[in-house]
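Taking it in order: structure first as structure tokens, then the write-up.
Protein chains in written order, with this note's numbering: chain L, 20 to 179; chain Y, 2 to 75.
If you want it as structure tokens, here you go:
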């Protein structure tokens, strides 16, 4: 059942999420270019040979997980609008996007929290905060509930 | 699915096409096909009533229970 008001609201939220995601991706790219020393001269990159592999993993992991998270979030929103236009409230592919968001969010939070490894002169103690874990779990629970809703919706569609 | 919907037999008896039946009971031909091919997960009483009314039959004439045989192979 399609409702014009709901569709308009969905489109509005999708636009906001897309713009915010784009802003974050651009911001992440610029930050990464500065951190790596490829852009700007005020900040000199602190690559330390002793912990170089750790620095590379965290630096590149932050970029990859950040891009992945915002891409999946945007895809989820677009897919929701597309599905709603076709009369599908819970598109099946959105389940994968949500689980993907949950996993990528965890890694993005973790790498973000430890980005100060760039510039560390000695061994660096990795940090993990409860907020990252709780938000990841919330994302995962939402993904699971969405999955259940999708199954119920599918069954409802096959009720003649 | 253990519950089989045998609409074809009644359609043949009443000399009615699937399209005609779908139109009479107010469902799409695609949904009727889902019912006939056993892909439906459930049937509403209102739909069952409409089918029985259209085909002038009892629910038992179109619904059949077939026990699922165990098919374990080694």
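C-beta: ideal position from N, C-alpha, C; glycine also.
* Near-chain L residues of the region 29-63 of chain Y - C-beta to any C-beta below 7 Å -> The residues in question are 32, 35, 36, 40, 41, 42, 43, 44, 45 and 48.
* Please name the residues in the region 70-89 of chain L whose beta-carbon is closer than 8 Å to at least one beta-carbon of chain Y, in chain order. => Of all residues in the region 70-89 of chain L, none has a Cβ within less than 8 Å of some Cβ in chain Y.
* Of the choices 149(L), 177(L), 136(L) and 74(L), whose alpha-carbon is the least far from that of residue 125(L)? -> 149(L)
* To do: Identify the continuous beta strand (DSSP E) that holds residue 64(Y) and give its terminal residues.
  => Residues 64-66.
* So, is residue 48(Y) buried or exposed, given that buried needs 16 or more other C-beta atoms within 10 angstroms? -> buried
* **Start-to-end residues for the beta strand (DSSP E) that takes in residue 4(Y)** => Taken as a continuous stretch (DSSP letters only), the beta strand (DSSP E) holding residue 4(Y) covers 4-6.
* To do: Taking residue 179(L) as the query, report the chain Y residues whose CB atoms sit under 8 Å from its CB, ordered along the chain.
  => 28, 32, 33, 35, 36, 41, 43, 44, 45 and 48
* Asked: Along chain Y, which residues have their Cβ under 7 Å away from the Cβ of residue 142(L)?
  -> Those do not exist, as residue 142(L) stays about 57 Å from chain Y at its closest Cβ, beyond 7 Å.
* Span of the alpha helix (DSSP H), counted from its first residue to its last, around residue 179(L) -> Unbroken run through residue 179(L): none, as it is neither H nor E.
* **Buried/exposed call for residue 47(L), threshold 16 Cβ in 10 Å** => buried
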